[in-house]
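Sequences listed follow chains A and B, in order. Using the working numbering, the first residue of the first sequence is number -15, and each one after it goes up by one. Using the working numbering, the first residue of the second sequence is number 3, and each one after it goes up by one. Idealized CB from N, CA, C, for every residue including glycine. One structure is given here, and the rest of the page talks about it.
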Amino acid sequence: MLELRIARRIGALELRVELTLDREAALIAGPNGAGKSTLLRLLLGVLRPETGRIALEGRTLFDAAAAIDLAVEERELGYLPQDYALFPHLDVMGNATFGLARLPRRERLRRAGEWLEKLGVGHLARRFPAGLSGGERQRVALARSLARNPRALLLDEPFAALDPIARRELRGSMRSWLQEWRLPALIVSHDSADAVLADRIAVMEHGQLVQQDTLEELRRAPASAFVAGFVSATPDSA
Amino acid sequence: MRLRAASAWGAAQLFASALLGLFLLLPVVALFAGSSWDDFSSGLRNPLLLPALRLSLLTTGSSLALVVGLGSLVAWRVARNPGRASRWMEAITQLPAVIPPAVAGVGLLLAFGRRGLFGGWLDRHGIALAFTTPAVILAEAFVSAPFFVQAAIAAFRRLDENLLVVARTLGASPFRTFARVGLPLAAPGLAAGAAMSWARAVGEFGATLFFAGNMTGRTQTMPLAIYTAMESDLHAAQALSLVMVLLAFALLFILRRLAPGGALPGTELPGA
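What follows is the structure, given as structure tokens:
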């Protein structure tokens, strides 16, 4: 379970978010500048909240009152940025083993190889990121994160960098993966088609969550013009 | 009308290219032109050459190691932590690029000389810096640091922030992120900056003369040897200069290999 209650002011944006996520996926939607990416940076530990608390699976990642602030590398979060951020100087296997430095070499290769296979990119192990398609990069980046057994997954616009065909295909795969892994997952997206990935949709405007509920509930009683527009553009299935 | 203006503009560019190109090439051509193979081989046998060449390689190697070692950490800090302190640090590391070398030499002497600001303390502990080989290294490090640091800051700033964040989420400590992601990705820019910095150190003359003197085998680097040779024999100076030019060409060749596009990444000249 991921629990957060944090606040942070950055320039004109006053971010104030309360969210509890069981082993489920939530879509964070909202207009540009609503603070979605800032929320991810606060969770990752790149930015520090001014007040509040973040806990994951009973472990406190951040607590302003208790002066707890775990470093990024101690938070055990899987993070997939928009461009997937594969290390260009390492091949696919080098990327997938990057997070397993503490394991003996053989174990490292075995675990990374397993995840690459699971995501259907095992045959690319010796290729470099520059030679991969967008979809392949996403799979490699996911394998790289998951090989570390993260306790939660943060996906930033996971399909924005893909062409429409790859986008539809990977969205379908991602949906079944998320159901299989049962990790708390936050998916930041401005694309309403991504709603099919999530059990719940949280809409963010001006740094606040204005409404969070299932797609049906958002449709029935949208709390704002943005919510109404967002859900009306949502197809019913992938 | 417009066509004629355009062709005049084109002609101006061609004229400027020809003029500047000639001006920059002519002295190099002159170095080769008036000299025969005999001149060159007698230059190679000049008693000043070997000690000076050895000293130049030793001191510039040391100053480069000093500048790259400290400069990489400073540049990383400045590039990754924008703020007032970083702006100050960046300005400080650029300072030597706008200080004339002779002035730098006087400054170094007033700082580290026996009666200098810091030299007095060193002297009481039995350490004399001025007019020693370490003084040559310090002078070279002083004048060449800006070239490397500026290139390194630029190279580190160009890194994709997401790569560094992802490395951290994959369990890498800040140091491992620097060593395994930052350094290798910035390597071409760092190498080009190191080469520029080294070229500046090899050519260093004024600060060395004032702070370290001109003693054969101890503080007489190649440029100072040329200066000394020039006083008695222009031919010897020319021969020594040829050796340095060939060294410079070798360096230029390496630089072009590092940056095949021609433009050198991260070598924006500091200061000016």
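With respect to chain B, the C-beta atom of R37 of chain A has no partner C-beta closer than 8 Å. Under the DSSP assignment, A169 of chain A falls in the beta strand (DSSP E) whose first and last residues are A169 to V172.
Interface residue (Cβ-Cβ distance to chain A less than 8 Å): N164 of chain B is classified as such.
The beta-carbon of G191 of chain B is placed no less than 8 Å from the nearest beta-carbon of chain A.
At the C-beta level, L23 of chain A and L(-1) of chain A come within 8 Å of one another. No Cβ of chain B is located within less than 8 Å of the beta carbon of V105 of chain A. Its Cα nearest to that of G29 of chain A, the residue B:V168 stands out among B:V168, B:L66 and B:M217.
For T134 of chain B and D41 of chain B, the gap between their C-alpha atoms comes out near 32 Å. Note that the region 213 to 231 of chain B does not touch the region 179 to 188 of chain B; fewer than 3 beta-carbon pairs, one per stretch, sit closer than 8 Å.
Under the DSSP assignment, T4 of chain A falls in the beta strand (DSSP E) whose first and last residues are L(-3) to L5.
Secondary structure at F210 of chain A: helix, using DSSP grouped into helix, strand and coil.
Taking the CA atoms as reference points, G118 of chain A sits about 19 Å from G62 of chain A. Residue A:A18 holds the alpha-carbon nearest to the alpha-carbon of L(-3) of chain A among A:A18, A:A9 and A:E8. The alpha-carbon of L140 of chain B is positioned some 41 Å away from that of N79 of chain A. With at least 16 other beta carbons inside 10 angstroms of its own, L187 of chain B counts as buried.
By the criterion of a C-beta distance shorter than 7 Å, L126 of chain A is surrounded in its chain by L64 and L103, once the five residues flanking it on both sides are discounted. Collapsing the DSSP output to three states places E141 of chain A in coil. Under the three-state reduction of DSSP output, A186 of chain A falls in the strand class. L57 of chain B sits buried, since 16 or more C-beta atoms from the chains shown fall within 10 Å of its C-beta. Shown in chain order are the members of the region 57 to 74 of chain A whose Cβ falls below 9 Å from a Cβ of chain B: E57, E58, R59, E60, L61, G62, Y63, L64, P65, Q66, D67, Y68, A69, L70, F71, P72, H73 and L74. Closest by C-alpha distance to P142 of chain A, out of A:R166, A:A49, A:P134 and A:L154, is A:L154. In terms of Cβ geometry, T218 of chain B and L50 of chain B form a close pair [threshold 8 Å]. A109 of chain A has a beta carbon lying at 8 Å or more from every beta carbon in chain B.
Counting along the chain, the unbroken beta strand (DSSP E) around T44 of chain A starts and ends at R43 to D47.
G83 of chain A has a beta carbon lying within less than 8 Å of a beta carbon in chain B. For V80 of chain B, the three-state secondary structure derived from DSSP is helix. When Cβ-Cβ separations below 8 Å define contact, R117 of chain B makes no contact with chain A. Here DSSP, grouped into helix, strand and coil, assigns A201 of chain B to helix. Here DSSP, grouped into helix, strand and coil, assigns Q66 of chain A to coil. When only Cα atoms are considered, A104 of chain B and A144 of chain A end up about 57 Å apart. Within 7 Å of the CB of G184 of chain B, no CB atom of chain A is found; the nearest one sits about 11 Å away. Taking R166 of chain A as the centre and dropping the five residues before and after it, the same chain places the C-beta of R7 closer than 6 Å to its C-beta, in chain order. Taking every protein chain shown into account, the CB of L22 of chain B has fewer than 16 other CB atoms within 10 angstroms, so this residue is exposed.
Counted as a single uninterrupted DSSP element, the alpha helix (DSSP H) harbouring E201 of chain A occupies residues L199 to R204.
Closest in alpha carbon position to R95 of chain A, among A:Q163, A:A51, A:L40 and A:A131, is A:A131. Per DSSP, reduced to three states, the secondary structure at I101 of chain B is coil, with no helix or strand assignment.
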